[in-house]
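Just so you know, the protein sequences line up as chains S and G, in that order. For the first sequence, position 191 matches number 191 in my numbering, and the numbering has no gaps at all. When you read off a place in the second sequence, starting at 1, and then add 1000, the result is the number in my numbering. No residue lacks a Cβ here, since even glycine has one placed at the ideal position from N, Cα and C. Read the structure below first, then the notes.
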Amino acid sequence: MNSLKNATELFLKPATMARKVKKEDRLPREVWVAGISLKGLWPVATIEKRMNDVLERMENVFAFEPDIICLPEEINQSWVDETLTLQEVAEDETTPGPITSMLADIARRQQCYITCPIITKRDGHFYDSAILLNRQGEIDGVFHKAHPTSTEILPNTYFKGGGVTPGPIKSPVYKTDFGNAGIQICFDAEWSDGWQSLKEDGAEIVLFPSQGPYSNILRNHAWVNNYYIVSATGEDAQIIDITGDVIAADGEFSRWVCAPVNLEKKLLCLSPHAHKFDAIQKRYGRRIRFKIYHSENWATLENLDPDISVSDILKEYEIPTYDEQLREATGIQKKYRIISAR
Amino acid sequence: MKNKASRRNFIKQTSLGLSAGVFGISNPISRARNDIKNGKLPREICISSIDLKGLWPDTTTESRIKRVLSRMGEVIGMKPDIICLPELFSTMWVKEKKALTEIAEDEKIPGMITGRISAFAKKNHCYVVCPLVTKAGGYFYNSSLLIDRKGDIAGAYHKTHPVKTEIFPNQDFKGGGMRPGAIDQPVIETDFGKVGMQISYDANWSDGWDNLKKKGVDIVLFSSSFPGGRILNYHALKNSYYIVSSTVGDARIIDISGNDLDATSDFVRYAWATINLDKVNVTTWPTNGNLPDLFKKYGDRLRIKVWGNSDVITIESRDPQLQVSDVLKEFKIPNYTDYLKYETEVQDKHRI
C-alpha cells in the first residue's frame, strides 16, 4: 500500500539517492517499469563501447527491482560509427546472438524482463525487431517493426547490404507474469493500426523502443487505447499514464526513468457518474484514489490497498469503464439513427 | 552500417533550423513582405469563439440570448471572420424548461434564436456557428447551423453521437428525444475555406473527425457542453486542421500542430487568433534536412516552426506572392499526409 507513496517521494530526490523498494510491499498489480534514454551516448565509435555505455546506464535502475526495462531502438546500432552489413549485425530469433545473450544475462541476474531492440534475421529476411527477454533470460517473443521508413526498407539506403522487411500490422500481445505487454517501434508511432490491434488484444503496457521521441503522439496513443506506454528513445525516456499524462520523464541529470504503474487503474467518464464519487471516496478513504480530468470529462480510479478491487467497486456502484460506456452509447446511437443516415 | 540518412543528422539540422528561425536570417526579398494588401495574407482569417462560463445557470432563454449577444459584442473589435458559440447556447442550463417542439427551429427559415444570431452576423459581416435544437423530416436534432455574412443559413450539422439521455424521450428534453445525425455529413464552403462542425460527445469518436479530414476541411468548429481538453488537441494534430472550440467551460483556438493558439481566461471570456490557412504540417524527419536551405532562400517569407512535442514542422507563407504548395514542390517536400501515404505504399509492397 505504501510503495506508490514511497515512489513519489523517490522522484523528488536525486536519482543517486534511490533506495531499494521491497517487492513484497507492492500492490497485486503494481508493475515497476523502466526506460533507458540513449541521449548523450551518441555518436559512438564502436558497438562494444555502445553496449558498455548502455549497461552502465541500466545499472541505475536495478535498485528499484524493475519488472521490465525498455531499451532504445537498434540499441547496438543507432548512431554507431562502426559500419557493418545487415548480415553481420543481424541475430537469430531463437538462438541468442551476442547482444541478446548479453542482455539475457542481465535479465536473468536482475530477474526482470528486458526489451532487446536489434536487427534480426528470419527465413532470409531482416527485421528491425525488439526481442522480449523474460526473467530467466529466455526469449519470450519477437516483435517486428510494422512500419519501417522507406529508407530502412529499400536496400543499401539506410542499411548496408540490404534492407529490412516490414513486420505484420497485427502483432502479438505477450502474456508476462505481471500482465499483457505489447511492443511498437519508432516510426510505428505515426500509424494507429498496430496500437489499436494491441488494445483489441488486451495489452496493458506497450513498450516503445525508438530513435525519435514522438512525445505527444505517444501520449495520444496512451489515452486513446487506455494503456501505459514506456518509451526508450534516442532523445528521452518516458512513462506515460493511461490518460496520456507523463508519469516520469528523464532529464539532464538522469537519463533513465523507473516508476510504478498500477494495472488496476481504470479510466471512467465523469458524466453521468461523478455524483457517486464522493460516496465511494468516503467509504474507502485512502485505500483508493480518484483523479479527475475536468476538461476531458474523465476520471481514473485505482486501488492503493491490496485488498480492494477496482472492478468490484465499479460493479457495486454500476459505473462502466470509459470503453464500456462508449460501447453502450454507440449501440444506442446506431439503433436510433435514421436508417437513411447510417 | 548506416548511411548518412540518420536521426543524428536530423537533430543537427533541426538545431540549425531552429537557430536560423530565432535569429531571423534575412535577405532582400524578405524585407518586401510589408506590401501585404489590407494587412492580410490571401488566406489569413480571424477566428474567434466565446465560452459560456459565468452565464449559467440562467433564468430564461431570452436572458441567455441577450447575455451571449453581449459577449459576442466583445470580440467584434477583432473583426472576426467567424464566431463559434457553445452547444445549445440558448437553452443549456436555463431554468425555463420548454418542450422540444417549442424550442426546435427550422433549418432553412430562421426562427427566434437563429433570427437574432443572423441579424448579428449580417450587421458584423461575419459567419456565426449557431447551435440549437432543430427539426428536420419530423425528427429533432442537436444541431449547429452555420450562418453566413449575409445572415443566411449556409448549412447544418446534426450531432452524430448524442448521449443516451438526449436520445431517450423525456430525459434531458421535455416532449421527445434527439436523433443521432449521420456519420458522414457534408462540409460547408465559406468564402475563406471549407469548414466542418462537431458537437460535444462527438469528440469521443473518430469517425466524424476523420470524415471531415477526408473532405479537406480547413477548420472544425466544435460547440460543446464540456471543454474537450487533450481530446481536441489530438484530433487537430491527427487531421492537420484547425479547431475552434466553444464550450460551457472554455473556448480555444487549436493549431494544426495540435497546440493551443489562444484560450479564454478568468478575465477574457473569448478566444481569438489570426490564422493562415496556407499552412501545412510536414514530418520532422526527413524534412529537417531541408530546413537550412529553406531558411536561406526564403527567410521570413516563410514561418517555419519545429514542434518538438508533436513531431511535426509547420510551414506557412508570410508573403502574398508565395504559396506553401509551390515551396514544397520546389524542395520536393511532401505534406504530412502525402508522406505517410507514400511510406505506407512502400511498406505494403515489401511486407511478407
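Legend entry - Per-residue burial, L1348(G) [other beta carbons within 10 Å of its own, 16 or more giving buried]: On the second sequence, position 348 is the one that residue 1348(G) refers to. Correcting the residue identity first, residue 1348(G) is Asp in this sequence and not Leu. Counting every other CB atom within 10 Å of its CB across the protein chains shown gives D1348(G) a total below 16, marking it as exposed.
Legend entry - Residues bridged to Q1198(G) [DSSP beta-bridge criterion]: Here the question's residue 1198(G) lines up with position 198 in the second sequence. Q1198(G) is bridged to F1222(G).
Legend entry - A1032(G), buried or exposed, once every other Cβ within 10 Å from all chains shown has been counted against 16: Sequence index remark: in the second sequence, residue 1032(G) carries index 32 (1-based). Confidence in A1032(G) is poor, its pLDDT being 37 and thus under 50, which makes the residue's placement too unreliable to answer from.
Legend entry - 3 or more residues per run - each beta strand (DSSP E) lying fully within the stretch 222-252 of chain S: As far as the stretch 222-252 of chain S is concerned, its whole beta strand (DSSP E) runs of at least 3 residues are 228-232, 237-240 and 246-249.
Inset, instruction - Quick one: which residues of the stretch 217-236 of chain S get their C-beta closer than 9 Å to a C-beta of chain G? List them in chain order. - result: Listed in sequence order: I217, R219, N220, W223, V224, G234 and E235.
Inset, instruction - Would you kindly report the start and end of the unbroken alpha helix (DSSP H) that includes S1265(G)? - result: Sequence index remark: in the second sequence, residue 1265(G) carries index 265 (1-based). Membership of S1265(G) in any alpha helix (DSSP H) is not indicated, and neither H nor E is assigned to it by DSSP.
Legend entry - Within 9 Å of chain G by C-beta, residues of the stretch 126-144 of chain S in sequence order: Within the stretch 126-144 of chain S, no residue has a Cβ that lies closer than 9 Å to any Cβ of chain G.
Legend entry - Whole-angstrom distance between A1203(G) and Q325(S), CA atom to CA atom: Position 325 of the first sequence holds residue 325(S). Position 203 of the second sequence holds residue 1203(G). For Q325(S) and A1203(G), the gap between their C-alpha atoms comes out near 14 Å.
Legend entry - CB contact check: Y1139(G) to chain S, cutoff 8 Å: For the purposes of this step, residue 1139(G) is taken as residue 139 along the second sequence, with counting starting at 1. Interface residue (Cβ-Cβ distance to chain S less than 8 Å): Y1139(G) is classified as such.
Inset, instruction - Taking Y113(S) as part of the beta strand (DSSP E), name the residues at either end of that continuous run. - result: Stepping through the first sequence from its first residue, residue 113(S) is reached at position 113. Y113 to R122 is the extent of the beta strand (DSSP E) around Y113(S).
Legend entry - Chain-order list of residues whose beta-carbon lies under 7 Å from that of G331(S) (same chain, five-residue window excluded): Here the question's residue 331(S) lines up with position 331 in the first sequence. Beyond the five residues adjoining it in sequence on each side, G331(S) comes within less than 7 Å, by CB distance, of no other residue in the same chain.
Inset, instruction - Compare the C-beta of H1125(G) with all C-beta atoms of chain S and state if any pair is closer than 8 Å. - result: As a position in the second sequence, residue 1125(G) is number 125, starting the count at 1. No, H1125(G) does not count as interfacial toward chain S.
Inset, instruction - Have a look at F62(S), W191(S), L86(S) and G40(S) and flag the residue whose alpha-carbon is nearest the alpha-carbon of I106(S). - result: In the first sequence, the residue the question calls residue 106(S) occupies position 106. Comparing Cα-Cα distances from I106(S) to each of F62(S), W191(S), L86(S) and G40(S), the minimum goes to F62(S).
Inset, instruction - Label D1216(G) either buried or exposed according to how many other C-beta atoms from any shown protein chain fall within 10 Å of its C-beta, with 16 as the threshold for buried. - result: Within the second sequence, numbered from 1, the residue matching residue 1216(G) stands at position 216. Looking at the sequence shown, residue 1216(G) is not Asp but Gly. G1216(G) comes out exposed.
Legend entry - Cβ of R337(S) within 8 Å of any chain G Cβ: Position 337 of the first sequence, counting from 1, holds the residue named residue 337(S). Taking Cβ atoms only, chain G reaches closer than 8 Å to R337(S), which makes this a yes.
Inset, instruction - Mind the definition here: the stretch 1108-1120 of chain G touches the stretch 1242-1251 of chain G only if three or more C-beta pairs lie below 8 Å; say whether that holds. - result: These segments do not touch.
Legend entry - According to DSSP, residues forming a beta bridge with H144(S): Along the first sequence, read from residue 1 onward, the residue named residue 144(S) stands at position 144. When beta bridges are read from the DSSP output, H144(S) appears opposite S129(S).
Legend entry - C-beta atoms of H221(S) and W191(S) nearer than 8 Å: Looking up residue 221(S) in the first sequence gives position 221. Looking up residue 191(S) in the first sequence gives position 191. No, they are not a contact pair.
Legend entry - Residues near I1117(G) by beta carbon distance below 6 Å, same chain, minus five either side: The sequence position of residue 1117(G) within the second sequence is 117, counting from 1. So the list reads V1128, C1130 and I1147, once near-sequence residues are dropped.
Inset, instruction - Answer with yes or no whether the minimum CB distance from F1226(G) to chain S is below 8 Å. - result: Sequence index remark: in the second sequence, residue 1226(G) carries index 226 (1-based). True, the Cβ-Cβ gap to chain S drops below 8 Å.
Inset, instruction - Compare the C-beta of I1352(G) against all C-beta atoms of chain S and say whether one is closer than 8 Å. - result: On the second sequence, residue 1352(G) is found 352 positions in, with the first residue counted as 1. So, interface residue.
Legend entry - V1268(G) and I1333(G) closer than 8 Å at C-beta: Along the second sequence, one-based indexing puts residue 1268(G) at 268. Along the second sequence, one-based indexing puts residue 1333(G) at 333. Contact: no.
Inset, instruction - Determine, using beta carbons only, whether N1204(G) comes closer than 8 Å to chain S. - result: Taking the first residue of the second sequence as 1, we reach residue 1204(G) at position 204. With its beta carbon less than 8 Å from one in chain S, N1204(G) belongs to the interface.
Inset, instruction - Quick one: which residues of the stretch 1276-1303 of chain G get their C-beta closer than 7 Å to a C-beta of chain S? List them in chain order. - result: The residues in question are W1285.
Inset, instruction - Determine, using beta carbons only, whether S197(S) comes closer than 8 Å to chain G. - result: Locating residue 197(S) in the first sequence gives position 197, where the first residue counts as 1. With 8 Å as the cut-off, S197(S) does not count as an interface residue toward chain G.
Legend entry - Outcome for D241(S) when other beta-carbon atoms lying within 10 angstroms are tallied against a minimum of 16: Locating residue 241(S) in the first sequence gives position 241, counting from the first residue. By the neighbour-count rule (16 or more Cβ atoms within 10 Å), D241(S) is buried.
Inset, instruction - Quickly, what does DSSP pair T1283(G) with across the bridge? List them, please. - result: Indexing the second sequence from 1 puts residue 1283(G) at position 283. T1283(G) is bridged to V1312(G).
Inset, instruction - Would you kindly check if the distance between the Cβ of K199(S) and the Cβ of G167(S) is under 8 Å? - result: Start at 1 with the first residue of the first sequence, and residue 167(S) comes out as number 167. Start at 1 with the first residue of the first sequence, and residue 199(S) comes out as number 199. No, the pair does not count as a contact, with Cβ atoms beyond the cut-off.
Legend entry - Limits of the beta strand (DSSP E) - the one that P260(S) falls within: In the first sequence, counting from the first residue as 1, residue 260(S) sits at position 260. In the DSSP assignment, P260(S) falls within the unbroken beta strand (DSSP E) covering W256 to N262.
Legend entry - Bridge partners - S1143(G), DSSP secondary structure assignment: As a working mapping, residue 1143(G) is identified with position 143 in the second sequence. Note: S1143(G) sits in a beta bridge opposite L1132(G) and H1158(G).
Inset, instruction - Measure the Cβ-Cβ separation of K1174(G) and K1097(G) and say whether it is below 8 Å. - result: As a working mapping, residue 1174(G) is identified with position 174 in the second sequence. As a working mapping, residue 1097(G) is identified with position 97 in the second sequence. Contact flag set, yes.
Inset, instruction - Per DSSP, which residues does N220(S) bridge with? Please list them. - result: In the first sequence, residue 220(S) corresponds to position 220, counting from 1. Paired residue(s): none; N220(S) is not in a bridge.
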